[in-house]
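Trainee: Handing you a structure now.
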Amino acid sequence: MARGWFKWVMYVFIGFAVFYIVNQLLTNTGSFLASILTMVVVAVIIYGVIYFFFIRRRPGGVRGNTDEMKKYKQAVKQSKQKYGTSSSEPVKSSRPSGKQTRKRRSNAPHLKVINGSKGKNKDKDRATF
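In this note's numbering, the protein residues as written are 455 to 583.
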């Protein structure tokens with residue numbers, strides 16, 4: 455029951471916020487757009503500072519460990535020198551093969567044929583009254 459009233463309180467707050475935004479947009483458009491632009495610029499600056507000082511310098515950050523990347527690139531370079539570059543897709547013949555092989559049917563060992571009574575007369579099996 456506690457969630458029921460909280461949901462309605464949130465709806466009221468969201469309604470007030472939408473009303474305020476529409477009111478500011480209609481009555482004071484210039485300062486409203488300036489304040490929105492200021493908020494966006496401040497958010498970008500805060501994100502840039504956080505990224506530059508915390509995320510970028512972390513050892514397992516966005517790009518991963520740079521020492522491991524150097525070792526990986528060196529291994530790739532050595533592998534290319536040793537084996538050469540391989541073609542990405544094999545060359546296929548332009549003409550189709552003349553004879554197609556038929557797919558063989560295999561007997562499924564888990565299936566069993568049950569002999570029915572097709573040849574019998576149905577009248578003999580019925581009881582007579």
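Glycine included, C-beta positions come from ideal geometry on N, C-alpha and C.
Are the Cβ atoms of Phe470 and Leu479 separated by less than 8 Å?
Mentor: By 1-based counting over the sequence shown, the position of residue 470 is 16. By 1-based counting over the sequence shown, the position of residue 479 is 25. Not closer than 8 Å, so no.
Trainee: Return the CA-CA distance between Lys525 and Ala562, expressed in angstroms with no decimal places.
Mentor: Here the question's residue 525 lines up with position 71 in the sequence shown. Here the question's residue 562 lines up with position 108 in the sequence shown. Each residue's Cα considered, the two are about 53 Å apart.
Trainee: With DSSP collapsed to three states, give me the class of Ile490.
Mentor: For the purposes of this step, residue 490 is taken as residue 36 along the sequence shown, with counting starting at 1. Of the three classes helix, strand and coil, the one that applies to Ile490 here is helix, per DSSP.
Trainee: Do you know how far the Cα of Lys536 is from the Cα of Lys557?
Mentor: In the sequence shown, the residue the question calls residue 557 occupies position 103. In the sequence shown, the residue the question calls residue 536 occupies position 82. Linking Lys557 to Lys536 through their CA atoms gives a straight-line distance of about 42 Å.
Trainee: Check Asn477 in the structure and name its three-state DSSP category.
Mentor: Along the sequence shown, read from residue 1 onward, the residue named residue 477 stands at position 23. Helix, per DSSP.
Trainee: Could you check what DSSP says for Ser533 in three-state terms: helix, strand or coil?
Mentor: On the sequence shown, position 79 is the one that residue 533 refers to. Helix.
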